[in-house]
Amino acid sequence: MRLDRALLLHLAVLAALLALHFAAPPYHHSNIARIMVLAIYAMGYNIAFGYTGLLSLGHALLFGAGLYSAGLLVYHGGAGAAVALAAGVLAGGGMALAVGLLALRTAGVAFMIVTLMFAQAGYLTVLYFGAWTRGDEGIVIPQAARTIAGLDLASDAPRYLVALALFAVALLANLALVRSPFGRVMVAMRENEERSRMLGFNPFTVKLAALAVSGLYAGLSGACYALMFGYVGAGLVSVQYSILPLLYVLLGGAGTVAGPFLGALLMFYLIDWASALTDAHQFVTGAALVVLVLFAPKGILGTLRARWLRWLP
Amino acid sequence: MDFGPYLLLALMEGLVTAAVLALTASGLSLVFGIMRVVNVAHGEFFMLGAVLAWFTSQWVPGPPAVAFAVALVLCPLIVGAIAALADMLVLKRLHYEPEATIVATIGLLYILQQAALSLFGPDARPVPPPFAFRIQLPWFGYSGYKLAVVGAAVLLLVAVWLILRHTRAGLVMRATQIDRDTARAFGINVDRVYAGVFAMGAGLAAVAAVLIVPIQQAHYLMGGDPLLLSFIVVIIGGLGSLRGTLLAALLIGLSDGVISTFFAPTLAKIVATLAVALVLVFRPQGLFGTRAA
Amino acid sequence: MTDRLITPSRRTLLKGMAAGGTLLAAGVAPRFVQAQSSAPIKLGFQVHRTGIGASYGRWYERTATAALKVLNEAGGINGRPVEIVFEDDGTDPKRGAEVVEKLTAQAGCDLIFGTLFSHVVAGSAPRAGELKVPYVICSEGHQLASGGLNRWTLQPGITDVKSQVQSMAPWVTQNLGRKVTMIFPDYAFGHDHRDYFSAAVTAQGGEVVAQIAIPPTETTFTRYFPQIPAETEVLYHVMVGPAVLTFVKELGEFYGSGDRPQIFGFIDSLEAVDIASPGLEFLDGTHFWEGFPRYRQADAGESETFYRAAVGVDDNGASATDPADISTYAHMFSVWETLFTIRDAMAAAGYQGPADRQKFVEAMEAMTEFAEGNDHPQGPKVFNGKTHQVFGLQSISKVEGGRLVRVHRTAMEDGFYPDEVDYTTTSF
Chain A
5 MRLDRALLLH
15 LAVLAALLAL
25 HFAAPPYHHS
35 NIARIMVLAI
45 YAMGYNIAFG
55 YTGLLSLGHA
65 LLFGAGLYSA
75 GLLVYHGGAG
85 AAVALAAGVL
95 AGGGMALAVG
105 LLALRTAGVA
115 FMIVTLMFAQ
125 AGYLTVLYFG
135 AWTRGDEGIV
145 IPQAARTIAG
155 LDLASDAPRY
165 LVALALFAVA
175 LLANLALVRS
185 PFGRVMVAMR
195 ENEERSRMLG
205 FNPFTVKLAA
215 LAVSGLYAGL
225 SGACYALMFG
235 YVGAGLVSVQ
245 YSILPLLYVL
255 LGGAGTVAGP
265 FLGALLMFYL
275 IDWASALTDA
285 HQFVTGAALV
295 VLVLFAPKGI
305 LGTLRARWLR
315 WLP
Chain B
0 MDFGPYLLLA
10 LMEGLVTAAV
20 LALTASGLSL
30 VFGIMRVVNV
40 AHGEFFMLGA
50 VLAWFTSQWV
60 PGPPAVAFAV
70 ALVLCPLIVG
80 AIAALADMLV
90 LKRLHYEPEA
100 TIVATIGLLY
110 ILQQAALSLF
120 GPDARPVPPP
130 FAFRIQLPWF
140 GYSGYKLAVV
150 GAAVLLLVAV
160 WLILRHTRAG
170 LVMRATQIDR
180 DTARAFGINV
190 DRVYAGVFAM
200 GAGLAAVAAV
210 LIVPIQQAHY
220 LMGGDPLLLS
230 FIVVIIGGLG
240 SLRGTLLAAL
250 LIGLSDGVIS
260 TFFAPTLAKI
270 VATLAVALVL
280 VFRPQGLFGT
290 RAA
Chain C
188 MTDRLITPSR
198 RTLLKGMAAG
208 GTLLAAGVAP
218 RFVQAQSSAP
228 IKLGFQVHRT
238 GIGASYGRWY
248 ERTATAALKV
258 LNEAGGINGR
268 PVEIVFEDDG
278 TDPKRGAEVV
288 EKLTAQAGCD
298 LIFGTLFSHV
308 VAGSAPRAGE
318 LKVPYVICSE
328 GHQLASGGLN
338 RWTLQPGITD
348 VKSQVQSMAP
358 WVTQNLGRKV
368 TMIFPDYAFG
378 HDHRDYFSAA
388 VTAQGGEVVA
398 QIAIPPTETT
408 FTRYFPQIPA
418 ETEVLYHVMV
428 GPAVLTFVKE
438 LGEFYGSGDR
448 PQIFGFIDSL
458 EAVDIASPGL
468 EFLDGTHFWE
478 GFPRYRQADA
488 GESETFYRAA
498 VGVDDNGASA
508 TDPADISTYA
518 HMFSVWETLF
528 TIRDAMAAAG
538 YQGPADRQKF
548 VEAMEAMTEF
558 AEGNDHPQGP
568 KVFNGKTHQV
578 FGLQSISKVE
588 GGRLVRVHRT
598 AMEDGFYPDE
608 VDYTTTSF
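Set out below in structure tokens:
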């Protein structure tokens, strides 16, 4: 990868996050670890939606595939955290392939609904197998099982650093992906599917590959959530968790590499701040969305890119 | 219980579900068909209808039937006005871009839900039915009001159809649906048509809620299910096709009633959900649609 | 004069700094002493202000506030005043963990208590364990006593669902019938009822003839009623969420005034709902479990009178200022009792500050019995320090003329079961 200002910017973000490991007060330290994990999920969502134009309302299924593969393997199978993490990533990617093979026969609103339906079926399946999943109540992963290569994911410092390492890999891989020839094909698919077909690309294959990568990210994030925060429950697979990455991405800027992280960060602190001010924090969230879409429809980084920073990937 | 009566009960239940669903979904379908807007806040308009019906039942004195009649007229009007306002203040300024409107209506969803929680409270509140009689069949009893709901829904749907087909307003709406720019060129105030359509869509959800609220009850989180089901119905029916929406509502309502009678309920829901997804995969234009979405 | 203020000479600046330093030192020292003596003890409260638990959350907050007033008027904890910091968790397990974080790390709370919904508990307990902050729940869930959580989590205010359900079985099989059909929501809470009640009924020589699991997304129930076998003598129902009124109304329409089985339910379905609501007439003559009888019973003691007055609940279980505002009376006593148990455990531990958190847990583990009284108005309790779970007496009430009248109170032993975990042997 060329060492240019775009790469430098993202490295600077990572360096800042590393600095925060030492500088941030405990409350924010642990929030940022959580935000990085969710940002991986949002980055995956952005690869499908922001770059390839696939507006899915069912990504919770992919997140859940990672969450439950990792969680159940550790809880019932006694697997190690490293194995569980790998299994979670693969489960996310595999689930995305399976969903994609069917759902990518549709487009637009129908695609939204098909993905929504698959995710709903996944949510109900978790409830149906309550004997293993404890349904909505969920299961708590024992602290002793949450160790990866000697690092205790239940204690703050290793968790932050592992989250940062995985986040860094995800962010740089995302950057490399969108600057690769394949990344340009993805964008071409979003902008004009017919034209890219005429140029010799198979839209189905391209979208399927993008969705699979998106699934790997979502699976990684889900597995991280299970192992780092120790809770696996049906609520995390419900429809809200399909909407969440969409919000993060739109707030930060769809089709920007750092946008999902920025969106996750701002959304978290918006809710946190609003709930301290008023009971009606849902109102604040709702109003923020409306204001955002009215006055900065491309999200924060998207607007910056359109106005000033043309080079922003 | 024997198989025959069992099936009869399932069908009656399915018919009630279908009737209410048809009303709610036709609102969503209208908005999508004419404005090409996917309204995620549609379920909240439904919820507002139910909540306002409860307020009406508290404020209007006399027998429950009077309050119910008032609610039936007043609630859709108020909800429609709120929707029109949302259209003029937000959606219009977004130029009805699909992604932007989805986000905006998610925001609207949060705002309306919070408003209901703050002003109405977190409890489920019952609204008395306008009349209560129970039909005793040889095998089981059934609510007479539920059957009345089916009748009322049919009447309302016929009214919607008549408005769309045989009034000038309907003509203008259809003209706008077919070609917005040409309609504008012919002097149609497209902005006003859109605000009106959005209000009418929300009003239909609200009226469905007023009908259902004596059976269920008003609660600030009740909008989720109708939204999901309406989405399914609209898609299965073929986007924007009102006739398809009605047929799909009947199909979904009845099959939901019947399937969950014969399988483990949650398993039945899983199967039904996957079935809907697969229908869409293999017929993206919907079961009854003709054009590609 | 003014010149000097704007451009101070180096000397005055130094002098000023020295004075500031002295001030700072003087300010810090007394405050530190104060922390030893009279700085308030801060208790964090995870409250379900929004989301599906909001009906409960509102009353839990009121009960906690009332209990706090009583506590502070009686001298607080270890001679120090007590504060409660409430934070909304949206009845969401992810937010729950974040709230534990916020209350502990940002608000500086000594411990956290008050959580009801078991999925929020499951989401939050791991973080409480990592932060090593006591997490005192009011949730009824069996997950704690089954060994699923950790040493920092305790439940001293309310009996868990396994014990509640099991102690119902003898009375139900002896007085209502031996052939039971169960209707329950198809998730963890419902499955606990299914498993523990079925086992207890079988142990009593009864039989569960059908188990009907309703998907939690369901809003209408009539279509499930034909699955109730005709031989059913008792219909056992436990539903939660806003659709419960529909459930009862539709059950009424289905059976009408004709022949119906005996009906026994858990009041969880109708917490915060007026039993005299339109459509609920059908409930007349049916029975309910109640943690604490909503309607003031004829034999109610002084402590219950005191508790009702303090929280602001009238004799019908409604708000003293708004008779239409029905409380979650059968459950919310747990918040009250938990606060006073916290006080006693902190006293026993000689609790001074966060450094004594472990001592606090050990002190609570050493507790065995709570006597009925103003601190424990619901009744006497037995605390099991090994499982971190309290046991108490349950009530069975019958609906008579739109009121709930207690017909039976269980014995303490009815609710006991063998220990499934010993937290005192696990590490902190």
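As they're listed, the protein sequences go chains A, B and C.
So the first sequence is residues 5 to 317, counted in the working numbering.
So the second sequence is residues 0 to 292, counted in the working numbering.
So the third sequence is residues 188 to 615, counted in the working numbering.
A virtual CB, placed ideally from N, CA and C, is assigned to each residue, including glycine.
Measuring straight from C-alpha to C-alpha, what distance separates residue i and residue j?
i: residue 313 of chain C; j: residue 408 of chain C; result: 37 Å
i: residue 308 of chain A; j: residue 302 of chain A; result: 9 Å
i: residue 261 of chain A; j: residue 179 of chain A; result: 6 Å
i: residue 255 of chain A; j: residue 86 of chain A; result: 33 Å
i: residue 315 of chain A; j: residue 8 of chain A; result: 10 Å
i: residue 273 of chain B; j: residue 342 of chain C; result: 41 Å
i: residue 153 of chain B; j: residue 15 of chain B; result: 11 Å
i: residue 58 of chain B; j: residue 69 of chain B; result: 10 Å
i: residue 287 of chain C; j: residue 24 of chain B; result: 41 Å
i: residue 158 of chain B; j: residue 21 of chain B; result: 13 Å
i: residue 462 of chain C; j: residue 577 of chain C; result: 29 Å
i: residue 8 of chain B; j: residue 276 of chain A; result: 49 Å
On the DSSP bridge assignment, give the partners of residue i in chain order.
i: residue 358 of chain C; result: Residue 358 of chain C is not bridged to any residue.
i: residue 474 of chain C; result: C:451, C:585
i: residue 369 of chain C; result: C:398, C:423
i: residue 556 of chain C; result: C:569
Relative to the alpha-carbon of residue i, which residue among the options has its alpha-carbon at the smallest distance?
i: residue 110 of chain B; options: A:113, A:291, A:229; result: A:291
i: residue 469 of chain C; options: C:446, C:435, C:488; result: C:435
i: residue 551 of chain C; options: C:566, C:455, C:530; result: C:530
i: residue 430 of chain C; options: C:372, C:412, C:472, C:441; result: C:372
i: residue 41 of chain A; options: A:163, A:146, A:94; result: A:163
i: residue 255 of chain C; options: C:302, C:528, C:337; result: C:528
i: residue 259 of chain C; options: C:234, C:588, C:225, C:342; result: C:225
i: residue 207 of chain A; options: A:190, A:232, A:59; result: A:190
i: residue 282 of chain C; options: C:310, C:326, C:398; result: C:310
i: residue 596 of chain C; options: C:424, C:267, C:486, C:269; result: C:486
i: residue 549 of chain C; options: C:404, C:439, C:327, C:340; result: C:340
i: residue 241 of chain B; options: B:176, B:12, B:277; result: B:176
i: residue 166 of chain A; options: A:149, A:60, A:228; result: A:228
i: residue 212 of chain B; options: B:29, B:10, B:1, B:50; result: B:50
i: residue 49 of chain A; options: A:174, A:77, A:183; result: A:174
Using the three-state DSSP reduction, which class does residue i fall into: helix, strand or coil?
i: residue 156 of chain A; result: strand
i: residue 300 of chain A; result: coil
i: residue 481 of chain C; result: coil
i: residue 398 of chain C; result: strand
i: residue 506 of chain C; result: strand
i: residue 229 of chain C; result: strand
i: residue 340 of chain C; result: strand
i: residue 143 of chain A; result: strand
i: residue 268 of chain B; result: helix
i: residue 613 of chain C; result: coil
i: residue 275 of chain C; result: strand
i: residue 124 of chain B; result: strand
i: residue 579 of chain C; result: strand
i: residue 516 of chain C; result: helix
i: residue 206 of chain A; result: coil
i: residue 135 of chain B; result: strand
i: residue 69 of chain A; result: helix
On the premise that residue j lies in contact with residue i, defined as a C-beta separation below 8 Å, what is that separation, rounded to the nearest angstrom?
i: residue 504 of chain C; j: residue 473 of chain C; result: About 17 Å separates the two Cβ atoms, so there is no contact after all.
i: residue 102 of chain B; j: residue 293 of chain A; result: 6 Å
i: residue 268 of chain B; j: residue 404 of chain C; result: 7 Å
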